[in-house]
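Below is one structure, written out as structure tokens; the observations come after it.
Chains as they are written, first to last, in our numbering: chain A, 25 to 137; chain B, 9 to 122.
So this is what it looks like as structure tokens:
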């Protein structure tokens, strides 16, 4: 079974630009969550999508947005990039039911210059 | 407001030792408590998880101890090996049937010396 796939693995963007990150979940998983990981703040929850609807949202500004497609693939968009947005962005997918776990991808390393 | 507090930040043990990592939470609505292991350049991987209806869970060399009244839980790694050197994160969620909304601790960098 293929794992969670995130593309691209690395990105360098200029301040003020926007960026779109992609996540393909494990086959059959309908929940996709996004997290930001930085040395200072650690792993922080951005948002979760389930069946194309945002189910939960973390405490991030509106510049961070996402969406999920009918095949459960998800994209995350960050507009008007700031230097502080430099981070590892992780996607996790999970199935349904009480004992499912969240499986993480390897992440997209975003550097804003 | 940090909802899950993890300690220590870093830990060095000798091979065969038993490192213990502690976490404390505030939100009594949390109902799922996983531990993740992360190696450099990789995403976090689930090690073991517990729900508040049990006080201890073992999987191989990894044990979670859970104290609901104290709102604390800890990870013990028995017979630690150099290959266990990684960063460990505790987490919590109120997901019920979904673990898509995890609140993580700040992480503990574990180094196991040969």
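Where a beta carbon is used, it is the ideal one built from N, C-alpha and C, also for glycine. A quick note: this is a predicted structure, and the numbers were derived from the prediction, not measured.
Could you check which residue in the options has the C-alpha nearest to that of residue i?
{"i": "residue 26 of chain B", "options": "B/98, B/110, B/92", "result": "B/92"}
{"i": "residue 97 of chain A", "options": "A/117, A/135, A/33", "result": "A/117"}
{"i": "residue 40 of chain A", "options": "A/105, A/133, A/137, A/64", "result": "A/105"}
{"i": "residue 61 of chain B", "options": "B/83, B/74, B/115", "result": "B/74"}
{"i": "residue 76 of chain A", "options": "A/63, A/36, A/57", "result": "A/57"}
{"i": "residue 47 of chain B", "options": "A/134, A/128, A/136, A/135", "result": "A/128"}
{"i": "residue 54 of chain B", "options": "B/80, B/36, B/97, B/17", "result": "B/97"}
{"i": "residue 94 of chain B", "options": "B/117, B/76, B/72", "result": "B/117"}
{"i": "residue 107 of chain A", "options": "A/33, A/42, A/29", "result": "A/42"}
Give the DSSP-derived three-state secondary structure of residue i in the structure shown.
{"i": "residue 42 of chain B", "result": "strand"}
{"i": "residue 129 of chain A", "result": "coil"}
{"i": "residue 90 of chain A", "result": "strand"}
{"i": "residue 91 of chain B", "result": "helix"}
{"i": "residue 84 of chain A", "result": "coil"}
{"i": "residue 19 of chain B", "result": "strand"}
{"i": "residue 78 of chain B", "result": "coil"}
Compute every distance between the C-beta of residue i and the non-hydrogen atoms of the ligand HEM, then say whether any falls below 7 angstroms.
{"i": "residue 67 of chain B", "result": "Of the ligands one can find in the structure shown there are none, so the ligand HEM has no counterpart to examine."}
Please list, in chain order, all residues of the same chain as residue i whose beta carbon is under 8 angstroms from its beta carbon, the five residues on each side excluded.
{"i": "residue 99 of chain B", "result": "12, 41, 42, 43, 44, 110, 111, 112, 113"}
{"i": "residue 61 of chain A", "result": "67, 68, 111, 112, 113, 114, 131"}
{"i": "residue 121 of chain B", "result": "20, 21, 22, 23, 90"}
{"i": "residue 125 of chain A", "result": "118"}
Closer than 7 angstroms by C-beta to residue i: which residues in its own chain qualify, once you throw out the five before and the five after it? Chain order, please.
{"i": "residue 38 of chain B", "result": "100, 101, 102"}
{"i": "residue 85 of chain B", "result": "26, 27, 69, 70, 92"}
{"i": "residue 87 of chain B", "result": "24, 69"}
{"i": "residue 120 of chain A", "result": "54"}
{"i": "residue 79 of chain A", "result": "72, 73"}
DSSP has residue i in a bridge; who is on the other side?
{"i": "residue 86 of chain B", "result": "Looking at the DSSP assignment, residue 86 of chain B forms no beta bridge with any residue, so it has no partner."}
{"i": "residue 134 of chain A", "result": "A/35, A/111"}
Closer than 6 angstroms by C-beta to residue i: which residues in its own chain qualify, once you throw out the five before and the five after it? Chain order, please.
{"i": "residue 66 of chain B", "result": "none"}
{"i": "residue 30 of chain B", "result": "15, 82"}
{"i": "residue 135 of chain A", "result": "36, 110"}
Chain A contacts made by the stretch 46-65 of chain B, where a contact means CB separation under 8 angstroms: 49, 50, 51, 52, 53, 54, 57
Residues of the stretch 116-130 of chain A whose Cβ lies closer than 8 angstroms to any Cβ of chain B, in chain order: 116, 118, 120, 121, 122, 124, 125, 126, 127, 128, 129, 130
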